[in-house]
Each structure stands twice: as C-alpha cells, then as structure tokens.
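Every number in our numbering is 83 more than the matching position in the sequence shown, counting from 1.
A quick write-up on the structure given underneath.
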Amino acid sequence: MANLCLGTVQFGMHYGINNALGQPSEQDVFQILDLAVKHGIEVFDTAAAYGNAEELLGKYISARHIEKEKFKVISKLCPKAMEDASDLEKTLWEEVCASLERLQIKQLYGYLLHKPEYIYNRDIVAALKKIKQDGLVSNIGISIYKISEGEAAVQSGMIDFIQMPYNIFDQRGDYTGFLQKAKSQGITIFTRSAFLQGLFLMDDKKIPNYLEKAKKYLYEFEALCKEYQLDKVSTLLNYPAHNQFIDYVVIGVDNVKQLQEHIDNFGAKLPLEFLQKVSQKFANIEEEIILPNLWGSEKQK
C-alpha cells in the first residue's frame with residue numbers, strides 16, 4: 084500500500100477546477116501541516132512555481148523546529164528557468180539554492196524537473212545529477228504528463244523519482260506497462276491528480292462546456308460507486324494506493340477538515356471486482372479529459 088504525500092500547490096495559489104475556498108491563510112496552512120505531521124505524513128511536495136508555497140513551508144519548518152527526517156521536502160525547478168540560461172549548471176545551482184533558502188533547509192529530499200521536456204536535454208540532466216553529487220539534494224527526478232517523457236527519464240538511468248498523473252480515468256501507467264517498468268529500475272513513483280483537480284467531485288451543472296465529454300464517464304463512475312456502496316472520495320483516494328507499483332499518492336487540501344477526512348479514509352480496501360470493472364470501463368479516456376494541462380487549449384476552441 085502506498086503512503087500519502089502532502090502537495091502544497093493550494094498553499095501558494097488558487098488551484099483546482101472545483102476550489103471554491105481559494106488560497107488558505109498562513110494560519111490555516113500551519114494547522115494543515117500540524118495535522119499532517121501528527122499523523123505521520125513525512126513527505127511534502129512543493130515547487131518554485133507554486134506562488135509563496137516554499138516560503139510558507141520554510142516559515143513552518145523554522146517555527147516548529149521540525150526534524151529533517153520527519154519533514155522531507157520535494158521541490159521543482161521553475162518551468163522557464165532554463166530557457167535563456169547561458170550556463171545551465173550555474174542556473175540550476177542558483178535555482179536550487181533559492182528554493183533551499185525559501186524553505187530554510189540545507190538539503191532537499193527530492194528535486195524534480197517541472198518542465199518535462201527538459202529530460203531530452205542531456206546538459207540539463209547532467210546539471211541535475213551534479214546538484215545531487217554536490218549534496219544539495221538526495222534524489223533527482225521529473226514531473227511528467229506524457230508516458231514518453233517518463234520513458235526518457237527511465238532510459239537516462241539517472242532519475243530517482245517520477246511524479247505522474249494517475250486516477251480512475253487516467254490508467255496510462257498501467258496499460259502501457261510504464262509503472263511496472265519504472266519500478267523494475269528502482270524508481271520511486273509519486274502519483275498526483277487522484278481527484279483530477281476536483282473534476283470527479285464537481286456538480287455536473289458546474290462542469291464547463293469544454294469538459295462536456297467527461298460527464299458520461301462521471302455518471303458511469305458514480306453508478307459503479309453506488310453499485311458497490313462505495314464512498315466516492317474514499318474510492319478516488321484509495322484507487323492509486325492499491326497499485327503495487329505506486330509508492331506515494333500526492334494529495335492537496337484546502338483546509339484541516341479535508342485533510343482529516345483523507346487521513347481517515349486512506350487505506351480502505353476496494354473490492355477486486357470493482358477494480359476490474361474500472362479497468363474495463365475507463366482504460367482509454369480521451370487525453371483532453373484526463374490531462375488538465377490541455378483543458379485551457381480546449382477552452383480556446
């Protein structure tokens with residue numbers, strides 16, 4: 084069974100298609116983190132691009148005097164950081180050091196390429212390896228959208244962590260065999276988008292027109308939950324945790340109550356027959372539904 088990793092994008096910016104509460108206050112963020120630490124969540128996912136999320140985590144770590152073994156931070160290279168860089172190694176070093184300064188820590192548990200296309204640039208991958216050799220980070224990795232990006236990461240032979248979307252509608256990691264292949268190479272797998280940025284939980288009347296095609300799948304999923312008497316939130320949360328190749332399920336929350344509900348529900352077993360039906364019904368859903376980075380382009384059409 085996978086472990087929970089707390090994502091922090093909501094701490095630094097308004098995030099999620101179904102987020103009606105907006106960005107939590109600093110006090111709320113501290114309460115969320117207190118609860119996470121209390122319940123043994125030790126890995127926290129952030130990024131330079133997540134507004135002031137790194138700064139908030141840094142304030143918390145400093146204020147609570149947290150032991151580094153109990154608070155492992157994964158951050159990510161700003162997506163546009165390397166675009167005009169003349170010295171890739173120096174630029175990457177400066178970016179990592181800036182994150183460490185904001186986080187008020189000396190070493191990152193993980194540092195990921197936030198722009199997955201960078202995996203095809205050997206010089207950037209080499210610079211990433213160098214910051215690991217220099218001790219600034221313990222593990223290096225990539226946050227991907229496409230399986231081909233993950234394949235390139237595996238083939239590089241240098242990547243420790245891969246973060247990728249995975250949920251009931253997005254089973255690409257399974258049917259391509261990618262998850263099994265990555266794990267066979269000793270890579271730690273983090274999955275995000277268990278709730279598909281909240282789309283799974285939206286009132287169907289509020290679903291935007293550019294996601295109209297998603298409704299039929301959402302209705303089918305709801306019917307399956309009713310058939311097996313399963314709570315929708317618990318089912319979505321635990322679906323990735325059932326996958327033997329997934330190590331961490333990254334979740335984001337807006338408030339303490341939400342996190343407590345996730346903690347209480349995490350670890351619930353899902354019926355094998357239900358899991359088999361999910362694999363049959365939702366294995367090949369259109370990318371414009373399962374990839375939120377494509378939603379904006381759909382909106383323009």
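Glycine residues also receive a C-beta, built at the ideal position from the N, C-alpha and C atoms.
Relative to the Cα of Val92, the nearest Cα in the group Leu118, Val120, Ile157 belongs to Ile157. Within the same chain, and ignoring the five residues on either side of Ile373 in sequence, the residues whose Cβ sits closer than 6 Å to its Cβ are Phe252, Asp253. Your pair Asn250 and Pro323 checks out as a contact, with CB atoms roughly 7 Å apart and the cut at 8 Å.
Bounds of any alpha helix (DSSP H) do not take in Phe328, whose DSSP letter is neither H nor E.
No Cβ-Cβ contact shorter than 7 Å links Ile230 with Ile202. The residue from Glu369, Cys161, Pro354, Val332 with its alpha-carbon nearest to that of Met84 is Val332. C-alpha of Asp170 to C-alpha of Leu358: approximately 49 Å in a straight line. In its chain, beyond the 5 residues on either side, Ala131, Leu160, Cys161, Ala164 have a beta carbon closer than 8 Å to the beta carbon of Glu178.
Phe278 sits close to Leu319, with the two beta carbons spaced by under 7 Å. Classified as exposed, Gln268 has fewer than 16 neighbouring CB atoms from the shown chains inside 10 Å of its CB.
By the neighbour-count definition (other C-beta atoms within 10 Å, threshold 16), Asn326 is a buried residue. Beta-bridge pairing by DSSP links Asn86 to Tyr331. Remark: C-beta atoms of Phe261 and Gly233 approach each other more closely than 7 Å. Inter-residue distance for Ile245 and Ser239 is about 12 Å (C-alpha atoms, whole angstroms). Here the alpha carbon of Ala181 sits roughly 20 Å from the alpha carbon of Ala209.
Judged by beta-carbon spacing, Tyr192 lies beyond the 7 Å limit of Lys142, meaning their Cβ atoms are not closer than that value.
Contact annotation: Lys151 and Glu125 have beta-carbon atoms that are not nearer than 7 Å. The C-beta distance from Phe365 to Tyr300 rounds to 6 Å, short enough to fall under 8 Å. Ala146 counts as exposed, since fewer than 16 other beta carbons sit within 10 angstroms of its beta carbon.
For Glu371, the closest C-alpha among the options Asp217, Lys315, Leu307, Tyr228 is that of Tyr228.
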